[in-house]
Amino acid sequence: MSGVRVLVGTRKGAFTLTSDGKRKKWDVSGPHFAGWELYHVKGSPVDPDRLYASQSSGWFGQLIQRSNDGGKTWEPVGNKFAYDGIPGTHQWYDGTPHPWEFKRVWHLEPSLTDPDTVYAGVEDAALFKTTDGGQSWEELSGLRGHGSGPKWAPGAGGMCLHTILIDPSNHDRMYIAISAAGAFRTDDGGATWKPINQGLRSQYIPDPNAEVGHCVHRIAMHPSKPNTLFMQKHWDVMRSDDAGDSWHEVSGNLPTDFGFPIDVHAHEPETIYVVPIKSDSEHYVPDGKLRVYRSRSGGNEWEALTKGLPQQDCYVNVLRDAMAVDSLDSCGIYFGTTGGQVYASADSGDSWAPIVRDLPAVLSVEVQTLA
Amino acid sequence: MIRVALPEHLRNLAKVGTEVELDVPPPVTPAKILDVLESRYPMLGGTIRDYGTLRRRAFVRFFACGEDLSHEPADLPVPDAVANGTEPFLVVGATAGG
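Chains Y and R are the protein sequences, given in the same order.
For what it's worth, numbering that gives the first Met the number 0 labels the leading residue of the first sequence as 0, then goes sequentially.
For what it's worth, numbering that gives the first Met the number 0 labels the leading residue of the second sequence as 0, then goes sequentially.
As structure tokens, this is what we get:
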């Protein structure tokens, strides 16, 4: 009997939500690491019982936890994230040079082939890699050394590397995104990188062809079409069909094109999901209505999905790593809110129901489809 | 033996009780206490002081014998009552904030 395990990171711990393939009844486990911020929890695609969690705290810094039994037990592994060489400086909010300082791990992306290999996106923005199950971490410094690093600047949430996508057809090709530097691609396994931001238009950046400086919130890709990327930018929903070399806007009829997460249906590469947020100064859904928007045409034409979601007096946000899809048939869609609700749809978004309503603010949602 | 009291989060992380006892060679200083503590409990590395600089993390404080030692040099001997195990060396996580 197939099933799903939803991995939820919150401001005050991690939770695992499990169900069978019907996705109607749920078991809730947690909080794990109670009281700590769990920016991200993700499982290995090749060993679903191997999980990694980013656990952090303003008081005690960064920890990485690993589970070998699907989250029943955990062990702390390596937490030493040292920048390669002399870290140098990036641009601070006031335009002055500011030294690179490690703060936390935002995103953990396990390898598609090896459960001991994981990539970590961190703040201040850099990409790290472990090949020994998290015991030791080494920076892939070609990213920061690309040359534009001194021009990178933090967004309001910090200068975080939050998106890591591995091309399933070519593991040497990866995409990452940084707020507020932009998107980058490597074609040689992370040794060298190029910015892929042509076509992005960001308010107040005078140069329409600016190489960096764009506040990319999230990028998504369907494994069967790895050259097609979908991006939720600070403002604008964007699409690329040439592996990020150029982008065009597909915001279409969205009520607002500001938002954080974006994801792709597991079986329909042109069906994508976003959660429009009112604005960059009002981080909640517009009109008090929680609506997921779905496009079945790869963008531009969007429909609101509302069945089962609150349609009045709702003022939550959905953060960039807080949406995921399972690969069951029909595809399940999941997202968590800053109000502590985790919603699930077992019918590709047509209808929704809360799995849990009263968790701490949700930072991340991942789902594993279990055999 | 030196007695070290850890905050709840770090006790849970290291799977220890309210206090741990450490054999720290004299002269006993905060830096040497933390060296021995991190050696015995490697999972505490980086949680009390930074890996690279060995500076106390900003919101972690050290107390002993009713005194705040947080701003004292880490290589200054601790009070005799801590060195001889009468009083614990307190690592405190949150004295302010949410």
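Cβ coordinates follow ideal geometry from the N, Cα and C atoms, glycine included.
Note that the structure is a prediction, hence the values are computed from the model and not measured.
>> Can you confirm whether the stretch 314–326 of chain Y touches the stretch 261–275 of chain Y when touching is taken to mean that 3 or more C-beta pairs between the two stretches lie within less than 8 Å?
In response: The stretch 261–275 of chain Y makes contact with the stretch 314–326 of chain Y, as at least three CB pairs between them are under 8 Å.
- Message: Quick check: is the beta carbon of Y:A125 nearer than 9 Å to any beta carbon in chain R?
- Response: By this cut-off, Y:A125 is not an interface position.
| query | Where does the unbroken alpha helix (DSSP H) through R:V99 begin, and where does it stop? | reply | Any answer about residue 99 of chain R is impossible in this case: the structure gives chain R only from 0 up to 97.
When the cut-off is 9 Å and only beta carbons count, does Y:N67 lie next to chain R?
Under the 9 Å criterion on CB atoms, Y:N67 is classed as non-interfacial with respect to chain R.
Margin query: Bridge partners for Y:G154 per DSSP, in chain order?
Written below: Its beta-bridge partners are Y:G157.
| field | Contacts of Y:N78 in chain R (Cβ-Cβ under 9 Å) | value | Ordered by position in chain R, the residues that pass the 9 Å Cβ test against Y:N78 are M42, G44, G45, T46 and Y50.
- Query: Closest Cβ-Cβ distance between Y:V60 and chain R: below 9 Å?
  - Reply: The identity of residue 60 of chain Y in the sequence shown is Gly, whereas the question assumes Val. Using beta-carbon distances, Y:G60 counts as an interface residue toward chain R, with a partner under 9 Å.
Check your understanding: Residue ranges of each beta strand (DSSP E) run of no fewer than 3 residues wholly in the stretch 190–254 of chain Y, ordered along the chain?
Key -> You should have 215–221, 224–232 and 236–239.
- Item | Residues of its chain near Y:W105, where Cβ-Cβ distance is below 8 Å and the 5 sequence neighbours each way are ignored | Exclusion of the five residues before and after Y:W105 leaves Y38, H39, S53, G120, V121, E122, C159, L160, H161 and D320 as the residues of its chain whose Cβ lies within less than 8 Å of its Cβ.
Give a yes or no on whether the minimum CB-CB distance between R:F58 and chain Y is below 9 Å. Cβ-Cβ to chain Y under 9 Å: yes for R:F58.
Rounded to the nearest angstrom, how far is the Cβ of Y:I261 from that of Y:V236, given a contact under 8 Å?
7 Å between Cβ atoms; contact.
Checklist entry - Beta carbon of R:T46, beta carbon of Y:F59: below 9 Å? => result The answer is yes: Cβ separation under 9 Å.
Exercise for review: Just grab the DSSP bridge partners of R:F58 for me.
Suggested key: DSSP, once it has assigned bridges, lists no residue as partnering R:F58.
* Beta-carbon neighbours of R:L53, restricted to chain Y and to distances below 7 Å -> None at all; the shortest Cβ gap to chain Y is about 13 Å.
Who are the Cβ neighbours of Y:W301 in its own chain at under 6 Å, not counting the five residues just before and after it?
If we look at Y:W301 and ignore the five residues flanking it on each side, its Cβ neighbours are G251, N252, L253, Y292 and S294.
Across the stretch 61–69 of chain R and the stretch 341–351 of chain Y, are there enough close Cβ pairs to call them in contact, namely three or more that are closer than 8 Å?
No, because fewer than three Cβ pairs between the stretch 61–69 of chain R and the stretch 341–351 of chain Y fall closer than 8 Å, the two stretches do not touch.
- [ ] Check whether the Cβ atoms of Y:G297 and Y:W246 sit closer than 9 Å, and answer yes or no.
- [x] No; because the gap between Cβ atoms is not below 9 Å, this pair is not in contact.
Margin query: Applying the 10 Å Cβ sphere with the 16-neighbour rule, what's the burial state of R:L104?
Written below: Outside the modelled stretch of chain R, which goes from 0 to 97, sits residue 104 of chain R, for which no answer is possible.
Runs of 3 residues minimum, wholly inside the stretch 293–355 of chain Y: which ones carry the beta strand (DSSP E) assignment?
Fully enclosed beta strand (DSSP E) runs of no fewer than 3 residues occupy 302–304, 322–324, 332–335, 341–344 and 352–355 of the stretch 293–355 of chain Y, in order along the chain.
Pull the bridge partners of R:R20 from the DSSP assignment, please. With the sequence shown as reference, residue 20 of chain R is identified as Glu, and Arg is not the correct amino acid for it. In the DSSP output, where bridge partners are listed per residue, R:E20 has R:R2.
_Using 8 Å for Cβ pairs, my map puts Y:T255 next to Y:K288. What's the rounded Cβ distance?_
For Y:T255 against Y:K288, the beta-carbon gap comes to about 12 Å, at or over 8 Å, which does not count as contact.
*Quick one, which residues of the stretch 23–48 of chain Y are near chain R if we go by CB-CB under 9 Å, in chain order?*
Answer set for the stretch 23–48 of chain Y: F32, A33, G34 and W35.
* Residues near Y:C313 in its chain [Cβ-Cβ closer than 7 Å; skip 5 each side] -> Excluding positions up to five away in sequence, the list reads V284, G287, K288 and L289.
- Report the neighbours of Y:P222 on chain R: residues whose CB is nearer than 9 Å to its CB, in chain order. Within chain R, no C-beta atom comes nearer than 9 Å to that of Y:P222; the closest sits roughly 35 Å away.
Tell me which residue opens and which closes the alpha helix (DSSP H) that Y:V263 is part of. That residue, Y:V263, is in no alpha helix (DSSP H); its beta strand (DSSP E) goes F257 to V263.
* Asked: Which bits of chain Y does R:H8 rub up against, with CB to CB less than 8 Å?
  -> Going along chain Y in sequence order, the residues near R:H8 (Cβ under 8 Å) are G34, W35, S56, W58 and F59.
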